[in-house]
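Mapping of the sequence shown onto the working numbering: residues 1 to 227, in sequence order. For reference, the structure discussed in these notes is given below.
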Amino acid sequence: MGEYTRGIAFVLEGATEKVFYRAFLKWHAEQNNCSFVKGDNLDNGDIYFEWDNGAETILIKFNVVGTVTQVSHSGKWFANKCVKKYRMPWKVFLCYDTDSSEYDITKFYQDDWKLLRKDLVKAKAEEIIDLAASADIEDIILTDLSGVCAYLGIGVPEKLCGRKGKAKMKALYRSCGNTYHEGDKAETMIESLNFQKIVDYSPLDLEKLSTVLAKPQNIVDNNQQTT
Numbered sequence: 001m002g003e004y005t006r007g008i009a010f011v012l013e014g015a016t017e018k019v020f021y022r023a024f025l026k027w028h029a030e031q032n033n034c035s036f037v038k039g040d041n042l043d044n045g046d047i048y049f050e051w052d053n054g055a056e057t058i059l060i061k062f063n064v065v066g067t068v069t070q071v072s073h074s075g076k077w078f079a080n081k082c083v084k085k086y087r088m089p090w091k092v093f094l095c096y097d098t099d100s101s102e103y104d105i106t107k108f109y110q111d112d113w114k115l116l117r118k119d120l121v122k123a124k125a126e127e128i129i130d131l132a133a134s135a136d137i138e139d140i141i142l143t144d145l146s147g148v149c150a151y152l153g154i155g156v157p158e159k160l161c162g163r164k165g166k167a168k169m170k171a172l173y174r175s176c177g178n179t180y181h182e183g184d185k186a187e188t189m190i191e192s193l194n195f196q197k198i199v200d201y202s203p204l205d206l207e208k209l210s211t212v213l214a215k216p217q218n219i220v221d222n223n224q225q226t227t
């Protein structure tokens, strides 16, 4: 393992979110001449990534909870597998659909989110950052509808069927005789997306993540002074 200056922990509802953020980080690294690589071994059972922005190496860990009802256990994961193992500053990104924390359709309520935040603060999280939208991750992906349609080899429809993104994506796939599969099976489609369009137009504030990944300002200033 490398020498890390700081860490970023992602708490993700499901496998599709994992694939989406992994693909976004890969794209963002290419756009900014950074290195984003998967760790060469398992870290206590966790797959991890290393981000090098030219001035430092940041450890990135994903915790995929599987279902929103399991999100509350992420505080223990963060304390044991992030903070206690790596004594350095950590920021936590909570990546979720706001419907999951507010509506009775799930078993995970706002009080549970408060308890999770309390656990993260207790574990010394330097900052807790929400990457949340009132949308499925598929709604975010469909910001680049033309890209999804190009991947499927179909024209852009005038209207998408379905109330939320997952239903819309399934209907779009069915329209050309395909079946939409979530998680790792959606990787090729997700990696084909125009992420700049998603950054510019989706309801997800991905600039928050870009800011955290950037080279620290004091290092930028020092480099400018010496050139």
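No residue lacks a Cβ here, since even glycine has one placed at the ideal position from N, Cα and C.
Counted within 10 angstroms of its Cβ, other Cβ atoms place residue i as buried (16 or more) or exposed
i	result
residue 176	exposed
residue 144	buried
residue 63	buried
residue 53	buried
residue 74	buried
residue 115	exposed
residue 207	exposed
residue 201	exposed
residue 13	buried
residue 16	buried
residue 97	buried
residue 9	buried
residue 159	exposed
Opening and closing residue of the beta strand (DSSP E) in which residue i lies
i	result
residue 163	No beta strand (DSSP E) contains residue 163, which DSSP labels as neither H nor E.
residue 38	35–38
First through last residue of the alpha helix (DSSP H) which encompasses residue i
i	result
residue 75	74–78
residue 26	15–31
residue 139	137–141
residue 70	Residue 70 -> no alpha helix (DSSP H), and no H or E assigned at all.
residue 200	195–201
Beta bridge counterpart(s) of residue i as assigned by DSSP
i	result
residue 96	132
residue 48	61
residue 6	58
residue 12	64, 95
residue 126	In the DSSP output, where bridge partners are listed per residue, residue 126 has none listed.
Beta-carbon spacing of residue i, residue j below 7 Å
i	j	result
residue 23	residue 190	yes
residue 58	residue 92	no
residue 171	residue 161	yes
residue 61	residue 46	yes
residue 126	residue 169	no
residue 130	residue 165	no
residue 193	residue 153	no
Local conformation of residue i per DSSP, three classes
i	result
residue 146	helix
residue 210	helix
residue 182	coil
residue 156	coil
residue 115	helix
residue 84	coil
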